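The numbers in the UniProt record's numbering rise by one with no breaks, and the one at position 25 of the sequence shown is 25.
Inspection log for the structure reproduced underneath, given as structure tokens.
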Amino acid sequence: MSSVRIARMERMLFDRGTTYRNDYHGFELKPPVFTVYKEKPTCLTARPPPLKDVHTLSSWKDQAIPFNLLHKPRPIIDTDPREPQLIAKKTEDAGKENAIKTRPRLVMTPAVSMDDIENPRAREILCNEMYTSTITRATREAAASCDKIKAPFLGHPSPSNPITLPKLNPPYVSPEWRMETVSWDKRQLRTYCDPTKEFWLARGSPECRPCIDTAKIMAHRKRICQRELEKRTRLRSPGMNQYL
1 MSSVRIARME RMLFDRGTTY RNDYHGFELK PPVFTVYKEK PTCLTARPPP
51 LKDVHTLSSW KDQAIPFNLL HKPRPIIDTD PREPQLIAKK TEDAGKENAI
101 KTRPRLVMTP AVSMDDIENP RAREILCNEM YTSTITRATR EAAASCDKIK
151 APFLGHPSPS NPITLPKLNP PYVSPEWRME TVSWDKRQLR TYCDPTKEFW
201 LARGSPECRP CIDTAKIMAH RKRICQRELE KRTRLRSPGM NQYL
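Listed below in structure tokens is the structure:
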């Protein structure tokens with residue numbers, strides 16, 4: 001066989017290195033898609049909950065019915081129920097102080113003359129705290145405006161204490177054992193190898209177990225046929241039943 005033909009056959013057999021790398025692919029090889037972080041848009045308003053019919057549990061195709069659809073103005077005072085009622089300002093009574101000073105004295109619990117209190121703020125506090133029922137006080141607290149109340153801002157959180165892992169290093173081998181371990185490692189059999197030209201030529205052809213079994217059966221049949229043929233072709237001596 002000429003060297004040109006051998007070189008051409010070797011190029012046909014070993015030009016790609018390994019068959020598992022190029023053949024028997026059931027899918028198309030595509031480059032990997034790397035993960036890219038995409039910032040999600042911020043939601044300014046809360047998403048409305050899904051609406052369903054009470055009886056059929058089917059989703060509504062239109063927007064929800066407003067809660068105040070059937071709200072109408074009050075029949076007599078004709079005020080809008082959707083707008084809260086404004087608190088009227090209390091007018092100042094100019095003759096109240098004069099009436100308090102000139103009217104007969106009245107002593108009420110806790111045995112304090114209400115008209116002799118000089119500070120009007122103290123008199124108002126005493127009247128509101130002593131002679132106001134619990135229901136009235138709770139009603140005032142419930143109707144008070146809470147728009148200006150804000151939660152206090154928390155201070156800066158304490159610095160975090162992250163867990164630091166030591167750097168992963170290979171196990172240390174003493175110098176007197178390094179050459180022996182390298183020589184021992186080279187003698188070990190590896191399960192993974194790149195099947196190149198040298199690999200296939202050094203490996204040789206694999207054994208075919210069915211072929212070996214078939215050859216044994218055919219050889220056994222051949223020996224049986226030879227024995228039968230020998231029995232038929234042997235000559236018998238005249239007057240004797242024994243083979244020559």
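C-beta atoms are modelled at their ideal positions from N, C-alpha and C, and glycine is treated no differently.
Given the structure is predicted, the values throughout are model-derived calculations rather than measurements.
Excluding five sequence neighbours on each side, which residues of the same chain lie with their C-beta closer than 8 angstroms to the C-beta of residue 48?
Here residue 48 refers to the residue found at position 48 of the sequence shown. Once the five neighbours on either side are set aside, the close Cβ partners of residue 48 are 64.
Rounding to the nearest angstrom, what Cα-Cα distance links residue 52 and residue 69 in this structure?
On the sequence shown, position 52 is the one that residue 52 refers to. On the sequence shown, position 69 is the one that residue 69 refers to. In this structure, the alpha-carbon of residue 52 lies about 19 angstroms from that of residue 69.
Is the CB-CB distance between residue 81 and residue 71 below 8 angstroms?
Here residue 81 refers to the residue found at position 81 when the sequence shown is read from its first residue. Here residue 71 refers to the residue found at position 71 when the sequence shown is read from its first residue. One thing to note: residue 81 has its Cβ within 8 angstroms of the Cβ of residue 71.
Going by beta carbon distance, what residues of the same chain come within less than 8 angstroms of residue 214, once the five residues before and after it are set aside?
The residue you call residue 214 lines up with position 214 of the sequence shown. Cβ neighbours of residue 214 beyond the five flanking positions: none.
Measuring CB to CB, does residue 116 end up less than 8 angstroms from residue 103?
What you label residue 116 is simply residue 116 of the sequence shown in a count that begins at 1. What you label residue 103 is simply residue 103 of the sequence shown in a count that begins at 1. No, the pair does not count as a contact, with Cβ atoms beyond the cut-off.
Is the separation between the beta-carbon of residue 50 and that of residue 58 shorter than 8 angstroms?
As a first step, residue 50 must be located in the sequence shown, where it is residue number 50. As a first step, residue 58 must be located in the sequence shown, where it is residue number 58. No, the pair does not count as a contact, with Cβ atoms beyond the cut-off.
Could you round the C-beta distance between residue 105 and residue 113 to whole angstroms and report it? I think they count as a contact, below 8 angstroms.
As a position in the sequence shown, residue 105 is number 105, starting the count at 1. As a position in the sequence shown, residue 113 is number 113, starting the count at 1. The beta carbons of residue 105 and residue 113 sit about 6 angstroms from each other, so the pair counts as a contact at 8 angstroms.
Identify every run of the beta strand (DSSP E) within the region 91 to 160, keeping only runs that are complete inside it and at least 3 residues long; order them along the chain.
Counting whole runs of 3 or more residues, the region 91 to 160 contains no beta strand (DSSP E) stretch at all.
Distance CB(residue 181)-CB(residue 173) smaller than 8 angstroms
For this step, residue 181 is matched to residue 181 along the sequence shown. For this step, residue 173 is matched to residue 173 along the sequence shown. Yes, Cβ-Cβ distance for residue 181 and residue 173 is below 8 angstroms.
Which runs of the beta strand (DSSP E), 3 residues or longer, sit entirely within the region 194 to 231?
Segments of the beta strand (DSSP E) lying fully in the region 194 to 231: there are none.
Cutting at 8 angstroms between CB atoms, please list the residues of its own chain near residue 126, excluding the five before and the five after it.
Locating residue 126 in the sequence shown gives position 126, counting from the first residue. Excluding residues up to 5 positions away in sequence, 112, 114, 117 lie with their Cβ nearer than 8 angstroms to the Cβ of residue 126 in the same chain.
Can you look up residue 183 in the DSSP assignment and give me helix, strand or coil?
Here residue 183 refers to the residue found at position 183 when the sequence shown is read from its first residue. Of the three classes helix, strand and coil, the one that applies to residue 183 here is helix, per DSSP.
Taking only three categories from DSSP, how would you classify residue 174?
Here residue 174 is taken as the residue at index 174 of the sequence shown, counted from 1. Residue 174 falls in the coil class under three-state DSSP.
Euclidean distance between Cα positions of residue 208 and residue 217
Within the sequence shown, numbered from 1, the residue matching residue 208 stands at position 208. Within the sequence shown, numbered from 1, the residue matching residue 217 stands at position 217. Cα to Cα, residue 208 sits roughly 15 angstroms from residue 217.
According to DSSP, simplified to helix, strand and coil, what is residue 2?
The residue you call residue 2 lines up with position 2 of the sequence shown. Looking at residue 2 - three-state DSSP - the assignment turns out to be coil, as it is neither helix nor strand.
To the nearest angstrom, how far is the alpha carbon of residue 237 from that of residue 230?
Along the sequence shown, read from residue 1 onward, the residue named residue 237 stands at position 237. Along the sequence shown, read from residue 1 onward, the residue named residue 230 stands at position 230. Confidence at residue 237 is low in this model, with a pLDDT of 47, below 50, so the placement of that residue should be treated as unreliable; the coordinate-derived value is given next. Each residue's alpha carbon lies about 16 angstroms from the other.
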